[in-house]
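Residue numbers (the numbering used here), protein chains in the order written: chain L, 1 to 295; chain G, 296 to 630.
C-beta: ideal position from N, C-alpha, C; glycine also.
The structure appears right after this line, and notes come after that.
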């Protein structure tokens with residue numbers, strides 16, 4: 001068996017792959033947080049719970065309606081995004097004139113409610129969700145076996161990330177969005193319905209979380225607590241990358257996933273904390289974050 | 296991004312400040328009377344049939360919430376990681392009492408000192424960013440501390456440190472006696488409470504308030520805002536540690552629950568419900584939440600749901616909290 005630095009290549013590439021998968025989810029979730037933060041100035045603590053709702057949505061669809069994975073990828077973001085729209089209209093919209101921290105507190109409370117309700121009915125053990133038939137099996141790359149589903153997750157999340165980047169940075173709608181981020185009143189004066197745009201942006205960000213949840217269902221199992229600890233890591237990712245740039249969120253997400261995977265190989269004891277340690281180092285060297293703007 | 300955009304109300308600013316129309320002297324007298332009444336009430340409570348263990352738990356959390364309130368209510372800094380100070384102090388004092396055989400007063404001192412030290416490190420890091428980022432950084436640091444406590448060889452992992460000896464306070468008072476223990480906890484709480492009042496009304500506290508209201512202006516007046524914020528953070532961490540260390544001796548247990556992020560959220564809720572930026576609010580909030588949890592203990596996860604719902608209601612409709620609303624109601628009647 002071949003070895004690199006005394007580590008069998010099989011183990012090394014295996015952990016690298018897991019790192020890439022985790023990184024894909026970090027990227028998708030921090031992207032959603034960044035999009036929401038850009039326009040609403042709110043850190044969406046409910047994001048982890050909405051990611052979990054996406055996974056449950058796919059589970060329910062399969063269990064009770066026989067709707068498969070591919071339709072769930074479309075349906076879950078719409079359903080969960082709609083609940084996001086309701087939350088924004090009925091609750092968040094009342095807080096925009098107050099300190100942004102109230103938004104954090106409100107979404108934290110909502111996360112507790114949602115996770116509590118799901119834990120009540122489904123316990124804290126995971127429910128299985130099988131990989132769609134088209135994606136079972138794997139590719140033999142010679143040095144390792146790459147499961148098809150994992151390859152799909154990486155490709156799909158990269159696609160979604162780049163797509164979101166394109167919409168925001170290169171389309172007319174995106175230019176409205178960026179303009180409203182800079183100066184809401186001015187954009188409104190041009191006759192653009194900013195409140196509706198804010199609502200839809202929140203729905204979109206939440207939809208991204210739900211999409212990530214559906215993709216995560218076959219890998220991590222469907223579990224009411226699946227988003228609770230993840231969201232804290234994603235917060236650290238956001239602090240490291242800074243929320244100023246979309247591409248920054250994507251690069252940081254994947255990069256940190258890979259670093260975490262490598263840590264599991266070389267120093268497993270630190271794999272839970274390595275991202276937080278990196279956050280500390282970044283705060284010391286570049287407080288605004290790697291891609292953030294000092295203001 | 297705008298950390299604290301102009302025109303937004305700072306957190307806690309809706310609560311009526313300490314300085315009202317009545318003047319500082321009247322306020323101080325009112326405070327002393329209220330504190331004396333509160334202390335007398337607590338001193339009598341176990342004789343009126345209220346379970347002392349419940350009271351001790353609530354008092355520990357009340358001190359924890361008061362410490363947290365010092366930071367959010369008077370410094371405008373929302374820490375989402377205060378559990379790390381409560382939990383770390385608990386572990387250190389439990390370890391000192393059990394493994395080193397330290398007397399309770401030294402064990403609590405060791406735990407408090409550990410929390411202060413951690414406060415210096417965490418505070419120095421967190422104040423490098425503002426607003427929402429500050430909250431996220433403290434949360435992430437606390438999560439790091441959680442994993443450390445989970446994996447470190449001396450914390451007992453999932454089991455925690457159990458059956459910690461209570462020992463004899465100053466070699467004389469036997470803390471195994473529940474009533475003796477209760478009055479000791481009450482003394483710790485009242486001391487911490489009075490200390491916080493003193494800090495808030497000191498020149499330091501006034502500058503802190505100025506920084507909270509308008510940081511740029513305070514800096515332009517020559518105040519080193521970062522140093523003030525750091526000191527406030529360390530003071531808050533130390534007092535949170537005092538609460539955690541005392542709690543570990545009382546319950547003879549240090550466990551992962553106290554370092555978990557849900558604990559950080561719980562103290563935010565206690566303070567929010569009682570009234571951010573009010574002196575008595577956190578005490579009322581802590582007793583309400585601990586009492587609620589006590590009565591709802593049989594309902595499992597519904598407690599989490601109810602806790603979350605109280606959060607939502609407080610933020611949407613009740614931002615002044617219980618004590619803040621009472622103060623506003625009195626001010627309206629006076630006017």
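Scanning chain G for C-beta atoms nearer than 9 angstroms to the C-beta of residue 104 (chain L) yields 373, 375, 427, 430, 431, reported in chain order. Per DSSP, residue 139 (chain L) is one residue of the beta strand (DSSP E) stretching across 138-140. Residues are counted here when their Cβ sits less than 9 angstroms from a Cβ of chain G; for the region 272-283 of chain L these are 272, 273, 275, 276, 277, 279, 280, 283, given in chain order.
Residue 495 (chain G) and residue 501 (chain G) have their alpha carbons spaced roughly 7 angstroms apart. Residue 424 (chain G) has its alpha-carbon roughly 22 angstroms from the corresponding atom of residue 95 (chain L).
Comparing alpha-carbon positions, the option among L:28, L:165, L:289 lying closest to residue 48 (chain L) turns out to be L:28. Around the C-beta of residue 342 (chain G), fewer than 16 other C-beta atoms lie within 10 Å, and the residue is accordingly described as exposed.
Within the same chain, Cβ atoms closer than 6 angstroms to the Cβ of residue 421 (chain G) are found at 429, 432, 433, the five residues on either side in sequence being excluded. Judged by DSSP secondary structure, residue 146 (chain L) falls within the beta strand (DSSP E) whose first and last residues are 145-147. Each residue's CA atom was taken as its position, placing residue 388 (chain G) and residue 539 (chain G) some 9 angstroms apart. If you check the CB distance, residue 217 (chain L) and residue 129 (chain L) come in under 8 angstroms.
Residue-level contact by beta carbon fails for residue 615 (chain G) and chain L, as no gap is shorter than 8 angstroms.
Fully enclosed beta strand (DSSP E) runs of no fewer than 3 residues are not present anywhere in the region 348-426 of chain G. Of all residues in the region 142-175 of chain L, none comes within less than 9 angstroms of chain G when Cβ atoms are compared. Note that the region 530-544 of chain G touches the region 459-478 of chain G; at least 3 beta-carbon pairs, one per stretch, sit closer than 8 angstroms. Residue 469 (chain G) is bridged by DSSP to G:463. Taking CB atoms only, residue 223 (chain L) has no neighbour in chain G less than 8 angstroms away. For the C-beta of residue 91 (chain L), the chain G residues within less than 9 angstroms are, from N- to C-terminus, 607, 610, 611.
Using a Cβ-Cβ cut-off of 8 angstroms, residue 110 (chain L) counts as an interface residue toward chain G, since at least one Cβ of chain G sits closer than that to its own. Within chain G, no residue has its CB atom less than 8 angstroms from the CB of residue 206 (chain L), the nearest being about 17 angstroms off. In this structure, residue 371 (chain G) lies away from residue 436 (chain G), with their beta-carbon atoms at least 8 angstroms apart. Take residue 485 (chain G), set aside five residues on each side of it, and the residues of its chain with a beta-carbon closer than 6 angstroms to its own are 334, in chain order. When beta bridges are read from the DSSP output, residue 222 (chain L) appears opposite L:127. Within the DSSP bridge table, the entry for residue 549 (chain G) names G:456 as partners. If you draw a 10 Å sphere on the C-beta of residue 143 (chain L), you find fewer than 16 other C-beta atoms in it, and that means exposed. Excluding the 5 residues flanking it on each side, residue 562 (chain G) has same chain C-beta neighbours closer than 7 angstroms at 359, 360, 363, 377, in chain order. When Cβ-Cβ separations below 8 angstroms define contact, residue 558 (chain G) makes no contact with chain L.
Under a 10 Å Cβ-count criterion, residue 607 (chain G) is classified as buried, with 16 or more other Cβ atoms of the shown protein chains found around its own Cβ.
Residue 407 (chain G) and residue 290 (chain L) have their C-alpha atoms roughly 35 angstroms apart. Nearest to residue 249 (chain L) by C-alpha distance, out of L:38, L:16, L:12, is L:38. Burial check for residue 394 (chain G): the Cβ neighbour count within 10 Å stays below 16, so the residue is exposed. Between the region 202-213 of chain L and the region 60-80 of chain L, the count of C-beta pairs closer than 8 angstroms reaches three or more; the two stretches touch. Residue 322 (chain G) carries a helical assignment under DSSP once its states are collapsed to helix, strand and coil. For residue 286 (chain L), no alpha helix (DSSP H) segment is defined, and its DSSP state is neither H nor E. For residue 606 (chain G), the enclosing alpha helix (DSSP H) begins and ends at 597-612.
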